[in-house]
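Protein chains in written order, with my numbering: chain L, 278 to 441; chain Y, 278 to 441. In this text, a Cβ means the ideal position worked out from N, Cα and C, and glycines have one as well. All of these numbers come straight from a predicted model, not from anything done at the bench. One structure below.
There are 2 protein chains.
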Amino acid sequence: MAKKQCHSELVTFEDRDHEALMGVWWTGVLLKKGANRFFSEFLSSEVQFNIMMVLKHSKKSPTQNELGERLLVDKSNITGLLDRMEAAGLLKRLKVAGDRRCYHIELTRKGLKILEKVEEPYRNHVKKLMSIFTEKEINNLNRYMARLQGAITKEEPNALEDKE
Amino acid sequence: MAKKQCHSELVTFEDRDHEALMGVWWTGVLLKKGANRFFSEFLSSEVQFNIMMVLKHSKKSPTQNELGERLLVDKSNITGLLDRMEAAGLLKRLKVAGDRRCYHIELTRKGLKILEKVEEPYRNHVKKLMSIFTEKEINNLNRYMARLQGAITKEEPNALEDKE
DNA sequence: TTGCAATAGTTGACATATAAACTAAATGGC
DNA sequence: GCCATTTAGTTTATATGTCAACTATTGCAA
Chain L
278 MAKKQCHSEL
288 VTFEDRDHEA
298 LMGVWWTGVL
308 LKKGANRFFS
318 EFLSSEVQFN
328 IMMVLKHSKK
338 SPTQNELGER
348 LLVDKSNITG
358 LLDRMEAAGL
368 LKRLKVAGDR
378 RCYHIELTRK
388 GLKILEKVEE
398 PYRNHVKKLM
408 SIFTEKEINN
418 LNRYMARLQG
428 AITKEEPNAL
438 EDKE
Chain Y
278 MAKKQCHSEL
288 VTFEDRDHEA
298 LMGVWWTGVL
308 LKKGANRFFS
318 EFLSSEVQFN
328 IMMVLKHSKK
338 SPTQNELGER
348 LLVDKSNITG
358 LLDRMEAAGL
368 LKRLKVAGDR
378 RCYHIELTRK
388 GLKILEKVEE
398 PYRNHVKKLM
408 SIFTEKEINN
418 LNRYMARLQG
428 AITKEEPNAL
438 EDKE
């Protein structure tokens with residue numbers, strides 16, 4: 278049995294629209310699996326890398342809620358993620374003067390060192406992956422994804438119910 | 278829950294390649310979240326929908342391993358998924374004559390009825406989402422995703438595609 | 001025939017993910 | 001100042017996801 282896999286084998290409606298959407302979905306699945314493997318030597322997941330990137334590149338230390346909103350990660354999920362990352366010495370929760378409800382999250386020195394070790398290989402990996410596209414194609418892709426994201430977030434309130 | 282969100286806010290390398298890849302990744306995240314909400318009234322996840330679609334549209338009842346390969350779901354994950362779906366009466370495991378190691382998986386009548394209830398709204402939803410693109414753009418998107426999938430599975434020797 | 005490798009599926013440990021119910025603290029209206 | 005509401009984060013329950021170790025069965029080959 279060949280492992281070669283194409284989204285269009287999954288469910289074929291003989292429908293180019295659907296095929297395109299499945300293509301994006303499937304590519305996202307592959308990207309996520311690949312990223313998890315890519316980072317697995319130093320981090321337990323691609324999500325941890327994203328959190329650390331936000332922490333490194335934010336001007337102000339974000340709170341847990343801000344992190345969750347930025348990365349579309351539920352706040353209850355953030356709690357556990359930060360627990361594990363704090364236990365691994367990657368980041369720390371700092372008390373906020375004047376608001377005892379929240380924390381400012383910051384990378385530790387160890388966290389920053391680890392991030393810097395994976396950041397460059399990551400960029401190179403991305404460069405290599407995307408080198409299959411011309412500049413024009415990259416621009417198309419950017420526009421398509423921006424539009425699709427807009428459509429998803431606008432169309433999505435409660436899909437099965439409200440048929441216009 | 279989510280504020281208006283653009284992948285490019287996450288991490289900006291001022292790099293169109295990276296932006297495009299993040300765009301695909303981010304769109305995949307949004308699609309998955311949206312699909313889970315879309316199916317949540319009848320199924321506990323979008324993965325269950327995919328499994329049921331494969332079961333409905335397969336000529337022969339697949340085994341658990343075949344299901345997992347088709348959907349890129351680990352066999353250990355398949356076990357639990359099918360346990361829950363079997364308990365919910367959506368499908369059944371059938372003994373295979375001549376091989377006591379494996380099962381053939383089939384939808385129950387109840388499973389088929391539920392699938393048929395969500396299949397059409399799902400198609401309409403996809404149609405509506407993708408109506409933002411022209412036919413030419415859809416074709417581009419299909420080609421881009423096919424190429425990117427190829428690049429991902431080729432560039433990541435450890436991941437997802439072991440050489441025989 | 002025996003014995004070993006490959007295959008199918010399960011289990012256990014752990015990480016990620018969401019929703020709902022909860023605690024504690026801040027805020028705003030009066 | 002008081003109280004209802006909002007906000008930040010945690011907890012609990014449950015689902016999805018991976019990997020590694022395991023059992024049972026099958027298949028192959030010396």
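Notebook entry, point to check: When DSSP labels each residue in this structure, what does V373 (chain L) get in the three-state scheme?
Noted result: Locating residue 373 (chain L) in the first sequence gives position 96, counting from the first residue. In the structure shown, the three-state DSSP call for V373 (chain L) is strand.
Next item on the list: Identify whether I429 (chain Y) lies in helix, strand or coil by the three-state DSSP scheme.
Entry: Within the second sequence, the letter at position 152 stands for residue 429 (chain Y). Note: I429 (chain Y) maps to helix in three-state DSSP.
Item checked: Continuous alpha helix (DSSP H) assignments of at least 4 residues falling wholly in the segment 347-414 of chain Y -> Runs found: 352-364 and 386-407.
Next item on the list: Express the C-alpha separation of S322 (chain L) and N313 (chain L) in angstroms, rounding to a whole number.
Entry: Taking the first sequence and counting its residues from 1, one reaches residue 313 (chain L) at position 36. Taking the first sequence and counting its residues from 1, one reaches residue 322 (chain L) at position 45. Distance between the alpha carbons of N313 (chain L) and S322 (chain L): 5 Å.
Margin query: Between the alpha carbons of R386 (chain Y) and L368 (chain Y), how many angstroms are there, rounded?
Written below: Translated into positions along the second sequence, residue 386 (chain Y) becomes position 109. Translated into positions along the second sequence, residue 368 (chain Y) becomes position 91. Straight-line spacing of the CA atoms in R386 (chain Y) and L368 (chain Y) works out to 8 Å.
Item checked: M407 (chain L) versus M299 (chain Y) - alpha carbon distance -> By one-based count along the first sequence, residue 407 (chain L) stands at place 130. By one-based count along the second sequence, residue 299 (chain Y) stands at place 22. So the two alpha carbons sit approximately 11 Å from each other.
Note to self: Applying the 10 Å Cβ sphere with the 16-neighbour rule, what's the burial state of V373 (chain Y)?
What the structure shows: Locating residue 373 (chain Y) in the second sequence gives position 96, counting from the first residue. When all chains shown are included, V373 (chain Y) counts as exposed.
Check: Is the segment 392-406 of chain Y touching the segment 374-383 of chain Y, taking contact as three or more C-beta pairs under 8 Å?
Finding: No, because fewer than three Cβ pairs between the segment 392-406 of chain Y and the segment 374-383 of chain Y fall closer than 8 Å, the two stretches do not touch.
Checklist line | Other residues of its chain near I355 (chain Y): CB distance less than 7 Å, five sequence neighbours each side excluded | finding: Translated into the one-based positions of the second sequence, residue 355 (chain Y) becomes position 78. Closer than 7 Å at the Cβ level, and outside the excluded window around I355 (chain Y), lie Q341, L344 and G345.
Check: Are T430 (chain L) and L307 (chain Y) closer than 8 Å when you measure CB to CB?
Finding: Sequence index remark: in the first sequence, residue 430 (chain L) carries index 153 (1-based). Sequence index remark: in the second sequence, residue 307 (chain Y) carries index 30 (1-based). Yes; because the gap between Cβ atoms is below 8 Å, this pair is in contact.
Next item on the list: Look at the alpha carbon of I328 (chain L) and the alpha carbon of L348 (chain L), and state the distance between them as a whole number of angstroms.
Entry: Working through the first sequence from its first residue, we reach residue 328 (chain L) at position 51. Working through the first sequence from its first residue, we reach residue 348 (chain L) at position 71. Distance between the alpha carbons of I328 (chain L) and L348 (chain L) is about 8 Å.
Notebook entry, point to check: Which residue's Cα is closest to the Cα of S317 (chain L): L:D376, L:K352 and L:I391?
Noted result: Within the first sequence, the letter at position 40 stands for residue 317 (chain L). By alpha-carbon distance to S317 (chain L), the top candidate from L:D376, L:K352 and L:I391 is L:I391.
Next item on the list: Identify, in the order they occur along the chain, each residue of the same chain with its Cβ nearer than 8 Å to the Cβ of V331 (chain L), setting aside the five sequence neighbours on each side.
Entry: By one-based count along the first sequence, residue 331 (chain L) stands at place 54. Excluding residues up to 5 positions away in sequence, P339, L344, R347 and L348 lie with their Cβ nearer than 8 Å to the Cβ of V331 (chain L) in the same chain.
Next item on the list: Check L320 (chain Y) in the structure and name its three-state DSSP category.
Entry: The residue labelled residue 320 (chain Y) in the question sits at position 43 within the second sequence. If DSSP states are grouped into helix, strand and coil, L320 (chain Y) belongs with coil.
Check: In the structure shown, what three-state DSSP assignment does H295 (chain Y) receive?
Finding: The residue labelled residue 295 (chain Y) in the question sits at position 18 within the second sequence. The answer is helix: DSSP assigns H295 (chain Y) an H, G or I state.
Next item on the list: Answer with yes or no whether the minimum CB distance from T304 (chain Y) to chain L is below 8 Å.
Entry: Against the second sequence, residue 304 (chain Y) aligns to sequence position 27. Under the Cβ criterion of 8 Å, T304 (chain Y) is counted among the residues facing chain L.
Checklist line | For T304 (chain L), the three-state DSSP class (helix, strand or coil) | finding: Here residue 304 (chain L) corresponds to residue number 27 of the first sequence, with the count starting at 1. In the displayed model, T304 (chain L) falls within a helix according to three-state DSSP.
Notebook entry, point to check: Using a C-beta to C-beta distance shorter than 9 Å, which residues of chain L count as neighbours of N416 (chain Y)?
Noted result: For this step, residue 416 (chain Y) is matched to residue 139 along the second sequence. Below the 9 Å Cβ cutoff, chain L contributes R293 and A297 as neighbours of N416 (chain Y), in chain order.
Note to self: I need the straight-line Cα distance from G366 (chain Y) to T411 (chain L), nearest angstrom please.
What the structure shows: Here residue 366 (chain Y) is taken as the residue at index 89 of the second sequence, counted from 1. Here residue 411 (chain L) is taken as the residue at index 134 of the first sequence, counted from 1. Taking the straight line joining both Cα atoms gives about 49 Å.
Notebook entry, point to check: For the segment 368-383 of chain Y, which residues have a CB atom closer than 7 Å to at least one CB atom of chain L, in sequence order?
Noted result: Correct list: empty, as no residue qualifies.
Check: Apart from the five residues on each side of it in sequence, which residues of its chain come closer than 6 Å, Cβ to Cβ, to R293 (chain Y)?
Finding: Along the second sequence, read from residue 1 onward, the residue named residue 293 (chain Y) stands at position 16. No residues qualify anywhere along the chain.
Item checked: Per-residue DSSP class, three states only, for K309 (chain Y) -> If you number the second sequence from 1, residue 309 (chain Y) lands on position 32. For K309 (chain Y), the secondary structure class from DSSP, reduced to helix, strand or coil, is helix.
Check: Using a Cβ-Cβ distance under 8 Å, would M362 (chain Y) count as near chain L?
Finding: Translated into positions along the second sequence, residue 362 (chain Y) becomes position 85. Residue contact with chain L for M362 (chain Y): absent (no Cβ-Cβ distance below 8 Å to any residue of chain L).
Next item on the list: Using a Cβ-Cβ cut-off of 8 Å, state whether V301 (chain L) counts as contacting chain Y.
Entry: Translated into positions along the first sequence, residue 301 (chain L) becomes position 24. Closer than 8 Å: yes.
Notebook entry, point to check: By a C-beta neighbour count over all protein chains shown, 10 Å radius and 16 as the cutoff for buried, is G427 (chain Y) buried or exposed?
Noted result: As a first step, residue 427 (chain Y) must be located in the second sequence, where it is residue number 150. The residue is exposed, with fewer than 16 neighbouring Cβ atoms inside 10 Å.
Next item on the list: Could you check the C-alpha separation between E363 (chain L) and W303 (chain L) for me, to the nearest Å?
Entry: The residue you call residue 363 (chain L) lines up with position 86 of the first sequence. The residue you call residue 303 (chain L) lines up with position 26 of the first sequence. Cα atoms of E363 (chain L) and W303 (chain L): separation of roughly 32 Å, rounded to the nearest angstrom.
Check: Comparing the C-beta of I355 (chain L) with each C-beta of chain Y, is any distance below 8 Å?
Finding: Working through the first sequence from its first residue, we reach residue 355 (chain L) at position 78. Not closer than 8 Å to any Cβ of chain Y, the Cβ of I355 (chain L) fails to qualify, so no.
Notebook entry, point to check: Is the CB of N419 (chain L) under 8 Å away from at least one CB in chain Y?
Noted result: Here residue 419 (chain L) is taken as the residue at index 142 of the first sequence, counted from 1. Taking Cβ atoms only, chain Y reaches closer than 8 Å to N419 (chain L), which makes this a yes.
Next item on the list: Please list, in chain order, all residues of the same chain as I415 (chain L) whose beta carbon is under 8 Å from its beta carbon, the five residues on each side excluded.
Entry: The sequence position of residue 415 (chain L) within the first sequence is 138, counting from 1. These residues qualify, in order along the chain: M407.
Notebook entry, point to check: Of the choices Y:Q325, Y:G311 and Y:V301, whose alpha-carbon is the least far from that of L384 (chain Y)?
Noted result: Here the question's residue 384 (chain Y) lines up with position 107 in the second sequence. Of the residues Y:Q325, Y:G311 and Y:V301, the one whose Cα lies closest to the Cα of L384 (chain Y) is Y:Q325.
Check: A423 (chain Y) to G357 (chain Y), Cα distance in whole Å?
Finding: For the purposes of this step, residue 423 (chain Y) is taken as residue 146 along the second sequence, with counting starting at 1. For the purposes of this step, residue 357 (chain Y) is taken as residue 80 along the second sequence, with counting starting at 1. The alpha-carbon atoms of A423 (chain Y) and G357 (chain Y) are separated by roughly 31 Å.
Next item on the list: Would you kindly work out how many angstroms separate the C-alpha atoms of H334 (chain L) and L425 (chain Y), rounded to a whole number?
Entry: As a first step, residue 334 (chain L) must be located in the first sequence, where it is residue number 57. As a first step, residue 425 (chain Y) must be located in the second sequence, where it is residue number 148. Approximately 28 Å between the Cα atoms of the pair.
Next item on the list: Quick one: using the 10 Å Cβ neighbour count with 16 as the cut-off for buried, is L320 (chain Y) buried or exposed?
Entry: Working through the second sequence from its first residue, we reach residue 320 (chain Y) at position 43. L320 (chain Y) comes out buried.
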